[in-house]
Amino acid sequence: MSSEPVTVPTPVAPPTAQPAPAPPTAQATGPLTAEEATWFRGAFDLVTDNIAQAVLGKRHVIRLTLTCLVSEGHLLLEDFPGTGKTMLARGLANSLSGTHARIQFTPDLLPSDITGVTVYDQGHNRFEFHPGPVFHQLILADEINRASPKTQAALLEVMEEGQVTVDGVTHTVPRPFMVIATQNPIEQAGTYRLPEAQLDRFLMKTSVGYPDAEATEELLMSSGIRDRAALLEPVVDPAIVQEMSKIADRVYVDRAVISYVRQLAEASRDLEHVRLGLSARGCLALIRVAKTWAAADGRTHVVPQDVVTLASPVLCHRLLLDAEAAFRGVTVDDVIQQLMAAVPAPLDRA
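Using this note's numbering, the letters of the sequence shown map in sequence onto residues 139 to 488.
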């Protein structure tokens with residue numbers, strides 16, 4: 139056995155990404171141009187590649203997260219501990235040049251700890267509003283189900299309307315604005331289940347999952363890097379994200395795809411074991427994310443496969459099952475698969 143010391147390779151920090159170029163001159167109205175779609179795809183891939191340096195082997199989940207941001211929605215991450223939920227949120231935050239904040243939800247957290255509070259200033263003889271952490275562009279609500287329902291409800295108004303009302307005065311949050319909430323599905327002691335009204339405020343729900351063999355070994359080889367998200371540099375600014383949102387809004391959706399989403403909603407309400415099917419808000423959410431997903435692929439129009447791909451993260455927290463479903467071992471994923479099989483997708487856009 140050799141007595142020579144083993145040389146351990148020094149981990150190399152990820153390369154610094156280049157900022158996104160300025161967007162092309164966009165039209166206020168009218169169909170999306172191929173040039174705009176190409177620019178959108180480039181900017182989308184740039185942010186995705188940047189986050190992928192911190193969250194290894196999870197490109198699809200990263201794309202879902204970025205789709206949620208561009209679609210002006212919020213994301214709920216439900217997964218086991220140690221799968222990278224917080225790393226994903228911090229990777230997105232560090233890829234943007236805007237502001238971000240992390241709120242650790244605990245049973246003793248108060249609504250004013252999130253929204254802010256009005257205090258009396260004796261020196262100036264007036265009341266002043268001290269904004270809370272919700273007045274940032276990207277909010278990480280860590281373990282949101284550990285806070286009381288009253289504290290959870292403090293996020294309802296800002297997630298839906300982009301504003302906070304404190305003591306009768308309305309305060310607007312900066313744009314773009316996104317809440318990424320995490321919760322642990324295996325620890326139920328000391329938690330409060332999110333009500334359906336708040337679940338519906340999240341545009342999508344997904345999980346990170348465990349990395350594959352290649353990503354796991356790469357992560358272990360670079361174990362000297364304690365915080366991969368901290369190494370990321372901003373590659374886009376809030377103005378770029380808002381421009382991407384405007385471009386995504388102009389992606390063309392054919393009437394056949396619209397009818398397909400309507401049929402999915404109607405069929406979901408008649409499925410066995412489904413107590414509450416897809417609402418009109420859920421249909422709008424599916425169309426919104428499909429537009430962004432199409433633009434991320436460099437297309438100016440939505441195809442039925444976009445709806446099929448995004449159906450699970452959009453529907454999984456909106457379809458409520460009855461008590462018999464749990465008794466029979468039927469899951470939401472089973473119901474979604476049944477729904478997609480029952481309603482055939484159109485063959486083309488025409």
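In this text, a Cβ means the ideal position worked out from N, Cα and C, and glycines have one as well.
Integer-rounded CB distance, given that residue j should sit under 8 Å from residue i
i, j, result
"residue 409", "residue 477", "6 Å"
"residue 399", "residue 445", "6 Å"
"residue 91", "residue 460", "Lying before the first or after the last residue shown, residue 91 is absent from the chain, which here runs from 139 to 488."
"residue 286", "residue 245", "6 Å"
"residue 423", "residue 341", "5 Å"
"residue 405", "residue 480", "6 Å"
"residue 329", "residue 284", "6 Å"
"residue 420", "residue 466", "The pair is not a contact, with the Cβ atoms about 24 Å apart (cut-off 8 Å)."
"residue 317", "residue 253", "Not confirmed; about 13 Å, so no contact."
"residue 442", "residue 483", "4 Å"
"residue 185", "residue 374", "6 Å"
"residue 195", "residue 355", "Residue 195 to residue 355, Cβ: 10 Å. No contact."
"residue 431", "residue 416", "18 Å between Cβ atoms; not a contact."
Burial state of residue i (16 or more Cβ within 10 Å)
i, result
"residue 214", "buried"
"residue 407", "exposed"
"residue 168", "exposed"
"residue 321", "buried"
"residue 216", "buried"
"residue 359", "exposed"
"residue 211", "buried"
"residue 396", "exposed"
"residue 288", "exposed"
"residue 224", "buried"
"residue 150", "In this predicted model, residue 150 has a pLDDT of only 41, less than 50, meaning its place in the structure is not dependable; the value taken from the coordinates is given anyway. It counts as exposed."
"residue 314", "buried"
"residue 485", "exposed"
"residue 294", "exposed"
"residue 141", "Per-residue confidence for residue 141 stands at a pLDDT of 43, beneath the threshold of 50, marking its modelled position as unreliable; the derived number appears in the next sentence. Under this definition residue 141 is an exposed residue."
"residue 203", "buried"
"residue 464", "exposed"
"residue 144", "Below a pLDDT of 50, predicted positions are generally treated as unreliable, and residue 144, at 38, falls in that range; no measurement from the model is reported."
"residue 335", "exposed"
"residue 205", "buried"
"residue 148", "Note that residue 148 scores 41 on pLDDT, short of 50, meaning its location in the model is unreliable and no value can be drawn from it."
"residue 462", "exposed"
"residue 299", "exposed"
"residue 292", "buried"
"residue 403", "buried"
"residue 418", "exposed"
Beta-carbon proximity check, residue i vs residue j, cutoff 8 Å
i, j, result
"residue 279", "residue 319", "yes"
"residue 377", "residue 178", "no"
"residue 339", "residue 297", "yes"
"residue 226", "residue 255", "no"
"residue 290", "residue 282", "yes"
"residue 248", "residue 372", "no"
"residue 429", "residue 386", "yes"
"residue 116", "residue 370", "Residue numbering for the chain in the displayed model covers 139 to 488; residue 116 lies beyond these limits and cannot be assessed."
"residue 208", "residue 267", "no"
"residue 440", "residue 391", "yes"
"residue 362", "residue 176", "no"
"residue 438", "residue 172", "yes"
"residue 474", "residue 453", "yes"
"residue 272", "residue 304", "no"
"residue 269", "residue 309", "yes"
"residue 468", "residue 411", "yes"
Spell out a yes or no on whether the region 209 to 227 and the region 252 to 263 are touching, meaning 3 or more CB-CB pairs, one atom from each, closer than 8 Å.
No, the region 209 to 227 does not touch the region 252 to 263.
Which whole runs of the alpha helix (DSSP H) in the region 337 to 379 are 4 residues long or more, in chain order?
Look at the region 337 to 379 and you find these whole runs of alpha helix (DSSP H), each 4 residues long or longer: 351 to 359.
Could you tell me which uninterrupted beta strand (DSSP E) segments, each at least 3 residues in length, are contained entirely in the region 241 to 269, listed from first to last along the chain?
If we require 3 residues or more, the beta strand (DSSP E) runs fully inside the region 241 to 269 come out as 254 to 259 and 264 to 269.
Whole alpha helix (DSSP H) elements within the region 410 to 450, 4-residue minimum
You should have 418 to 434.
Beta strand (DSSP E) runs wholly inside the region 187 to 237, at least 3 long, in chain order
Complete beta strand (DSSP E) runs here, min 3: 213 to 216.
Threshold first: 3 residues or longer. Then list the beta strand (DSSP E) segments lying entirely within the region 263 to 326, N to C.
DSSP runs (the beta strand (DSSP E)) wholly in the region 263 to 326: 264 to 269, 276 to 280, 301 to 304, 307 to 310 and 316 to 321.
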